[in-house]
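**Q** Taking our numbering, I'd label the letters of the sequence shown as residues 165 to 332.
By construction, the Cβ of each residue, glycine as well, lies at the ideal position given by its N, Cα and C atoms.
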Amino acid sequence: MRRTVLVCIFSIILIITGCSSGNETEKIKPILYQETIGDLAYEIKLSKNQFELNDEIVVYTKITNQGKQVLTYVSGSTSCPSHAFINVIHQETNDSLAIKPYGPCTSDIAVSHLEPGQTVEDVSTYITQLDSKETSPLGTYDVQVALPPGSTTPWPSVETQIVLTDNH
165 MRRTVLVCIF
175 SIILIITGCS
185 SGNETEKIKP
195 ILYQETIGDL
205 AYEIKLSKNQ
215 FELNDEIVVY
225 TKITNQGKQV
235 LTYVSGSTSC
245 PSHAFINVIH
255 QETNDSLAIK
265 PYGPCTSDIA
275 VSHLEPGQTV
285 EDVSTYITQL
295 DSKETSPLGT
305 YDVQVALPPG
315 STTPWPSVET
325 QIVLTDNH
């Protein structure tokens, strides 16, 4: 009898635990977005698709030149190179999230070349604060990624979405 009661209690705990963790994993998932436009193959990785206020949003990018021409682009400065142009924009207000401060960076302008078959990778961290230092509005954000512009060429961009919530 005692064994039957323990088995029942253990089964109930498993069912309750299983149900609650299942609901959480349905909502929050990592993002791996891949798209090729013209000669550029893009990959965007984020640890999850839903963030809370005060979370840091780390965006990992890879851009591969699948064409036959060398692509030239402005890659930040020599001390703080950037091989991806990333913008995190609220869908309704068009407000952009602020990038986490880093540096110090020099004021020179670096130019890079993406050879055929070459891949560049970048990591940028955003904070849930607007460029104007206000708290970010809740809702859906587009994470836009492109190869940084060349001297005269804007490169095509790709995007995926994340959600900013206040689950407190």
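#1: Are the region 274-287 and the region 251-262 touching by the rule of at least three beta carbon pairs closer than 8 Å?
#2: If you follow the beta strand (DSSP E) that Ile192 is in, where does it begin and where does it stop?
#3: Give the secondary structure of Val333 by DSSP, where H, G and I count as helix, E and B as strand, and everything else as coil.
#4: Taking the alpha-carbon positions, what's the Pro280 to Tyr290 distance?
#5: Spatial neighbours of Thr329 within its chain, please: CB distance less than 7 Å, with the 5 preceding and 5 following residues excluded, ordered by chain position.
#6: Have a look at Thr200, Tyr206, Ile221, Gly202 and flag the residue whose alpha-carbon is nearest the alpha-carbon of Pro194.
#7: Start and end of the beta strand (DSSP E) containing Ala262?
#8: Suppose you measure from the CA of Pro318 to the CA of Ile192; what does that come to, to the nearest Å?
#9: Can you give me the C-alpha to C-alpha distance between Ile201 and Asp219, rounded to a whole angstrom?
#10: Give a yes or no on whether the C-beta atoms belonging to Ala274 and Pro245 are separated by under 9 Å.
#11: When the Cα of Asp203 is compared with those of Leu278, Tyr305, Val327, Ile326, which residue comes out closest?
#12: Are His247 and Leu294 closer than 9 Å when you measure CB to CB?
**A** With the structure as the only source:
#1: no
#2: As a working note, residue 192 is residue 28 in the sequence shown. Premise fails: Ile192 is in no beta strand (DSSP E) and is neither H nor E.
#3: A question about residue 333 goes unanswered here, because the residues of the chain that appear run from 165 up to 332.
#4: Mapped onto the sequence shown, residue 280 falls at position 116. Mapped onto the sequence shown, residue 290 falls at position 126. Cα to Cα, Pro280 sits roughly 30 Å from Tyr290.
#5: Here residue 329 is taken as the residue at index 165 of the sequence shown, counted from 1. Contacts found: Gln214, Glu216, Leu302.
#6: Locating residue 194 in the sequence shown gives position 30, where the first residue counts as 1. Nearest of Thr200, Tyr206, Ile221, Gly202 to Pro194, Cα basis: Ile221.
#7: Indexing the sequence shown from 1 puts residue 262 at position 98. From DSSP, the beta strand (DSSP E) with Ala262 extends over 261-263.
#8: Residue 318 sits at position 154 when you count from the first residue of the sequence shown. Residue 192 sits at position 28 when you count from the first residue of the sequence shown. If you take the alpha carbons of Pro318 and Ile192, they lie about 33 Å apart.
#9: Position 37 of the sequence shown, counted from the start, is the residue given in the question as residue 201. Position 55 of the sequence shown, counted from the start, is the residue given in the question as residue 219. Near 31 Å, if we compare the C-alpha coordinates of Asp219 and Ile201.
#10: Numbered from 1 along the sequence shown, position 110 holds the residue referred to as residue 274. Numbered from 1 along the sequence shown, position 81 holds the residue referred to as residue 245. Contact flag set, yes.
#11: Counting from 1 along the sequence shown, the entry for residue 203 is found at position 39. Answer by Cα proximity: Leu278.
#12: Taking the sequence shown and counting its residues from 1, the one referred to as residue 247 is at position 83. Taking the sequence shown and counting its residues from 1, the one referred to as residue 294 is at position 130. No, the pair does not count as a contact, with Cβ atoms beyond the cut-off.
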